[in-house]
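Each position in the sequence shown, counted from 1, maps to that position plus 3 in the numbering used here. We treat Cβ as the ideally placed atom computed from N, Cα and C, and that holds for glycine. Reviewing the structure listed below.
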Amino acid sequence: MSAARIRCRGTAVCAAFVASLLAVAGCGTPGGQAKAPSSSKAPKAELSWKFEHIADFNGELTDVAVLAEDDIWATGAENDGNYASLLLHYDGERWSREPLPDALGDGEGYPPMLEEIGDKGLWMRSMPRQDGVPQADAAAAKWAQWDGTRWSPVTNPPPGAAGNLDATSPDDIWTLTGEQTAAHWDGTRWTTTRLPYKVSDLAVAGPDDVWAVGSRSTGPGTETVHGEPYDQPASTHWDGTSWKPVDTPRARFDEPIPPEPVAGLNKVFALEDGQVRAYGTNSFNHGEVEPEPDDQYIRLRWDGAKWAEQDPAPGQCELRIPVGQEKGGLFLDGNWYLTDDNRCVKIKRERLPLSTGARKASNQMLWLKEIHRIPGTDEWIGAGKVEVMQSGDPFGAPVVVRLERG
4 MSAARIRCRG
14 TAVCAAFVAS
24 LLAVAGCGTP
34 GGQAKAPSSS
44 KAPKAELSWK
54 FEHIADFNGE
64 LTDVAVLAED
74 DIWATGAEND
84 GNYASLLLHY
94 DGERWSREPL
104 PDALGDGEGY
114 PPMLEEIGDK
124 GLWMRSMPRQ
134 DGVPQADAAA
144 AKWAQWDGTR
154 WSPVTNPPPG
164 AAGNLDATSP
174 DDIWTLTGEQ
184 TAAHWDGTRW
194 TTTRLPYKVS
204 DLAVAGPDDV
214 WAVGSRSTGP
224 GTETVHGEPY
234 DQPASTHWDG
244 TSWKPVDTPR
254 ARFDEPIPPE
264 PVAGLNKVFA
274 LEDGQVRAYG
284 TNSFNHGEVE
294 PEPDDQYIRL
304 RWDGAKWAEQ
314 DPAPGQCELR
324 IPVGQEKGGL
334 FLDGNWYLTD
344 DNRCVKIKRE
354 RLPLSTGARK
364 ASNQMLWLKE
374 IHRIPGTDEW
384 IGAGKVEVMQ
394 SGDPFGAPVV
404 VRLERG
């Protein structure tokens, strides 16, 4: 996948982190720390999500892949009494429902995930359930690939319990396959490598330039607190030959230190110009002491030689995580946009038409699971649902949206 599309590429811990921060659109500040917005300039042009497609069933869209203006795929689930996974395709004229690939089996479980491979390739993986919970990195996942005409099994799928894929081309694919292992596809075979730390996310900044972030429980700063090591943020870099530990700033609460403190990085983001940013938290087991300190939010940038703190973003953008990048700024979780000249802009949304069953007085929230730029354009597509809260007949409307400027 390209830097234009940002997804968590790790274990279930990483998936939970993104579910709470990235998937929610239109809600408040992530985390438990309430902060008053600082002042920021008004946007030069209004940004808003406009409906591109509203599906005619109750449910949601969970993933989207945009290969071209006339080649868009989306997966999701229908919940009209019987939960069922589904696949939609747009050919430039209309949206149609397509059968799930035979290679994925019976299709039971959570809706399959889509993985872009380079500019034109597309893979799909099944999402088996374990104890009712979808397993994004399950070793039992099945894989299919689209060749522009038909779906077929992936000949050499990732080994083990692969996380999400980060691919610069069909011959350069990376994925996490465990807390301390990563796998790389070079066009011929998968090679598994050991990481020096437990990691939760991975990002490819360029050829032989790969970053992984997580936490460590040994070394400076991890001295025992209340009988347990104080985990610290950790990062590691692949330089084409091996993974090398990178010195990462520590995080620590002032005394008295709250119970079960833990600090770590959950997300790493490679910008299109090669810059790398990392995001995490310093938290603890809440509810055991009074007064409680606020959770701390870690925001780092790589300056070419070392990690440094990011300059704070203004207003509601301060604590948010990037989910996409374009010339001019960053898309952030929660439907916010940070311009390159450091202005924080709220992306607006429209309401569902009354023909969908949504009443005028209903409360509506747009939840986008993912956004993606249409290749070769400055157009953006998002997929998710509008949650309609109304007495007697609440429902979810699966939607595809397009960004409108001005």
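Rounded to whole angstroms, what is the Cα-Cα separation between D189 and R128? 20 Å
State buried or exposed for G395, treating a residue as buried only when at least 16 other CB atoms are found within 10 Å of its CB. exposed
L205 and G166: beta carbons closer than 9 Å? yes
Presumed contact (8 Å Cβ cut-off) between Q328 and S365, rounded CB distance: At roughly 34 Å, the Cβ-Cβ gap does not stay under 8 Å, so Q328 and S365 are not in contact.
When you compare only the Cα positions, how much space is there between D298 and L322? 12 Å
If I follow the unbroken beta strand (DSSP E) through T152, where does it start and stop? It is not in any beta strand (DSSP E) - T152 carries neither H nor E in the DSSP assignment.
Cβ shell of A273 (< 6 Å), same chain only, five flanking positions each side left out: A6, A206, A208 and V279
How would you label N159, buried or exposed, when you count the other beta carbons within 10 angstroms and need 16 or more for buried? exposed
Output the distance between the C-alpha atoms of P171 and I120, rounded to the nearest integer angstrom. First, the amino acid is wrong: residue 171 is Thr here, not Pro. Spanning the two alpha carbons is a distance of roughly 7 Å.
Could you check the C-alpha separation between V216 and A71 for me, to the nearest Å? 32 Å
Residue span of the beta strand (DSSP E) that contains N269, given as start and end: V265 to A273
Let me know if T78 comes out buried or exposed under the rule of 16 or more other beta-carbons within 10 Å of its beta-carbon. buried
From the DSSP output, read off the bridge partner residues of P401. K388
Consult DSSP for Q313 and reduce its assignment to one of helix, strand or coil. coil
Assuming E258 and H229 are in contact, meaning their beta carbons sit under 8 Å apart, how far apart are those beta carbons, in whole angstroms? That belief does not hold up - the Cβ atoms of E258 and H229 are roughly 12 Å apart, past 8 Å.
Would you say the segment 330-344 touches the segment 301-310, given that touching needs at least three Cβ pairs under 8 Å? no
For W2, collect the residues of the same chain with a Cβ closer than 8 Å to its Cβ; drop the 5 residues on either side in sequence, then sort them by chain order. A question about residue 2 goes unanswered here, because the residues of the chain that appear run from 4 up to 409.
Report the rounded CA-to-CA distance for E63 versus L89, giving the unit in angstroms. 10 Å
Among the candidates P232, P252, L91 and S286, whose CA atom is the shortest distance from the CA of L303? P252
Determine the burial state of G399: buried for a count of at least 16 other Cβ atoms within 10 Å of its Cβ, exposed for fewer. buried
Of the residues P325, L333 and G385, which one's Cα is nearest the Cα of R352? G385
For N85, count the other beta carbons within 10 Å of its own beta carbon; 16 or more makes it buried, fewer makes it exposed. Which is it? exposed
Between the Cα of T194 and those of P162, G181 and G224, spot the shortest distance and give me the residue it belongs to. P162
Of the residues E407, W52, L50 and A58, the one placed nearest S358, counting alpha carbons only: A58
Of the choices E49, E231, A68 and G332, whose alpha-carbon is the least far from that of D122? A68
Going by C-alpha to C-alpha distance, which of D74, R192, N269 and L406 sits closest to Y200? N269
Quick one: give me the first and last residue of the beta strand (DSSP E) that R346 is part of. It is not in any beta strand (DSSP E) - R346 carries neither H nor E in the DSSP assignment.
Would you report the Cα separation of H375 and T227, rounded to the nearest angstrom? 43 Å
Does any residue of chain C bring its CB to less than 9 Å from the CB of P317? Annotation note: the requested chain C is absent from the structure, which comprises a single protein chain.
Identify whether L406 lies in helix, strand or coil by the three-state DSSP scheme. strand
Sequence-distant residues of its chain with Cβ nearer than 7 Å to L198 (five each side left out): Q183, T184, A185, A215, T239 and W246
Three-state class that DSSP yields for T359 in the structure shown: helix
Looking only at its chain, what residues have a beta carbon closer than 7 Å to the beta carbon of F54, apart from the 5 residues adjacent to it on each side? E353, V402 and V404
Just curious, the beta strand (DSSP E) that N167 is in, first and last residue? Neither: N167 is in no beta strand (DSSP E) and is coded neither H nor E.
Taking just the CA atoms, how far does G267 sit from V213? 19 Å
Assign Q2 to one of three DSSP states: helix, strand, or coil. Only positions 4 to 409 of the chain appear in this structure, which leaves residue 2 out of reach.
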